[in-house]
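Q:
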Amino acid sequence: GAYTSALLATGLGVPFWVALPAAFIVTAVFGLLLGFPALKLSGHFLAVITIAFGLIAHLVSINAEWLTGGISGVPNIPRPSLAGHTLRDDVAYYYVVLAVLGGILAACDQLIRSGFGRALMAVRDDETAAACMGVDVRVLKIQAFVLSAGIAGAAGSLYAHYVRYINPDSFTIDISIRVLIMMVVGGTGSLAGSLLGALTVYLMPEALRFMNEYYYLVFGAVVVGMVLFLPGGLVSLPGALRGAGKRLRGARRFATSAQREAR
47 GAYTSALLAT GLGVPFWVAL PAAFIVTAVF GLLLGFPALK LSGHFLAVIT
97 IAFGLIAHLV SINAEWLTGG ISGVPNIPRP SLAGHTLRDD VAYYYVVLAV
147 LGGILAACDQ LIRSGFGRAL MAVRDDETAA ACMGVDVRVL KIQAFVLSAG
197 IAGAAGSLYA HYVRYINPDS FTIDISIRVL IMMVVGGTGS LAGSLLGALT
247 VYLMPEALRF MNEYYYLVFG AVVVGMVLFL PGGLVSLPGA LRGAGKRLRG
297 ARRFATSAQR EAR
């Protein structure tokens, strides 16, 4: 998505507001192509094939110098223009990103509430049961790949026009791992969890900066603790606290009752 938008803007002079949807479409097409071989996979096998595709894309960006510029990358990517004014100020660009994010979140929220979204959740919970209810699991998986890839492409476009220079080092496997950590920490299957996970993963380094080289040790321990003790992510924390409170009150009532009977 970043390379599509950057090459269109620098090579053909395409404005950002056209390059952004173009990045969405191009990455959606790659999601379609990747969706077919991934149909029979799930769980960590599916994660492996998507990470492998990311490695392939990284190698292509290095070696296809005629297209991507190789190690030299793509410089001088223009900032977006709005009403004839170039958004050079980071604060102004922040609001552009915020508007795009709000639009994507609103669209995803409507998607989740639709029949298509309910079918996606059914496949997530139990593919066999969903298939027995008439859901075409194969087609649904491909559609999910296409949509998620397109959204990632839009994010790449926003990133490219913000930093104004991209090269293969901008898109390593660390990015994929970080996104996965965001999902685990925030809570999978939740829009609020995605936002919460992203904020936590990006703010935690600042909060733990005083620990220097021990930061990764603490960060890793936090992620492992989340997986073990809060598998639903931070978004499930209020519910977990309410459940713990109910169990504690129940235990107190039981202890009180037992003391009365003993007397």
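Take the sequence shown: its position 8, counting from 1, is numbered 54 in the numbering used here, and each next residue is one higher.
Think of the CB as a built atom: it goes at the ideal place given N, C-alpha and C, for glycine as much as any other residue.
#1: Do the stretch 112-123 and the stretch 49-64 touch if we need at least three Cβ pairs shorter than 8 Å?
#2: Tell me which same chain residues have a C-beta within less than 7 Å of the C-beta of T218, skipping the five on either side of it?
#3: When DSSP builds the beta bridges, which residues end up paired with I212?
#4: Where do the ends of the alpha helix (DSSP H) carrying K292 lie?
#5: Excluding the 5 residues flanking L226 on each side, which residues of the same chain have their C-beta closer than 8 Å to its C-beta?
#6: Please confirm whether Y208 and Y139 have their CB atoms less than 9 Å apart.
#7: Starting from S222 and walking both ways along the alpha helix (DSSP H), at which residues does that stretch end?
#8: Any idea what DSSP makes of S127, helix, strand or coil?
#9: Can you tell me whether S160 is buried or exposed? The criterion is at least 16 other CB atoms within 10 Å of its CB, across all chains shown.
#10: Between which two residues does the alpha helix (DSSP H) holding D136 run?
#11: Just the C-alpha distance for A145 and S222, rounded to the nearest angstrom, thanks.
#12: Is it true that the CB of A177 sits closer than 9 Å to the CB of F70?
#13: When you compare each of G296, V231, A52, R293 to F265 by their alpha carbons, which one comes out closest?
#14: Skipping 5 residues on each side, what residues in its chain have a beta carbon closer than 6 Å to that of N109?
#15: Of all the options C154, P124, I150, D215, which has the alpha carbon lying nearest to the alpha carbon of G116?
#16: Do the CB positions of S203 and T96 come within less than 9 Å of each other?
#17: Taking only the alpha-carbon atoms, compute the straight-line gap between M228 and A304 and give it to the nearest angstrom.
#18: At the level of alpha carbons, what is the spacing between R299 and G235?
#19: Under 8 Å: do the stretch 239-253 and the stretch 279-287 share three or more Cβ pairs, one atom per stretch?
#20: Among all the DSSP beta bridges, which residues are the ones paired with T132?
#21: Can you grab the Cα-Cα spacing for the pair T247 / V269, in whole Å?
#22: Counting C-beta neighbours from all protein chains within 10 Å, is the total for A114 16 or more, i.e. buried, or is it exposed?
#23: Return the residue from the list L78, F162, R134 that minimises the CA-CA distance to D182.
#24: With distance defined between alpha-carbon atoms, name the residue in G180, G289, D135, M272 nearest to R210.
#25: Is DSSP giving K187 helix, strand or coil here?
#26: Taking the alpha-carbon positions, what's the F62 to A74 distance?
A: On the basis of the data shown:
#1: Three or more Cβ pairs closer than 8 Å define a contact, and the stretch 112-123 meets that threshold against the stretch 49-64.
#2: Same-chain partners within the cutoff: H104.
#3: Looking at the DSSP output, I212 sits in a beta bridge with V120.
#4: Note, K292: alpha helix (DSSP H), 283-308.
#5: For L226, where only same-chain residues beyond five positions count, the Cβ hits under 8 Å are A93.
#6: Y208 is a Cβ neighbour of Y139, given a cutoff of 9 Å.
#7: Run containing S222: 219-232, per the alpha helix (DSSP H) assignment.
#8: Residue state, collapsed to three classes: strand.
#9: In summary, S160 is exposed, with fewer than 16 beta-carbon neighbours lying within 10 Å of its beta-carbon over all protein chains present.
#10: Segment 136-159, the alpha helix (DSSP H) holding D136.
#11: Looking at the two C-alpha atoms, the distance is approximately 24 Å.
#12: Taking 9 Å as the Cβ cut-off, F70 and A177 do not qualify as a contacting pair.
#13: It is V231 whose Cα lies nearest to the Cα of F265.
#14: Non-local beta-carbon contacts of N109 in its own chain, meaning distances under 6 Å to residues more than five positions away in sequence, are absent.
#15: For G116, the closest alpha carbon among the candidates C154, P124, I150, D215 is that of D215.
#16: Contact flag unset, no.
#17: Their backbone Cα atoms lie some 45 Å apart in a straight line.
#18: When rounded, the distance between both Cα atoms is 36 Å.
#19: With three or more CB-CB distances shorter than 8 Å, the stretch 239-253 counts as touching the stretch 279-287.
#20: In the DSSP output, where bridge partners are listed per residue, T132 has S127.
#21: Just to set this straight, residue 247 is Val in the shown sequence, not Thr. About 10 Å.
#22: It is Thr, not Ala, that sits at residue 114 in the sequence shown. With 16 or more other Cβ atoms within 10 Å, it is buried.
#23: Ranking L78, F162, R134 by Cα distance to D182 puts F162 first.
#24: Considering only alpha carbons, the answer is D135.
#25: K187 falls in the helix class under three-state DSSP.
#26: Going by the C-alpha atoms only, they are around 18 Å apart.
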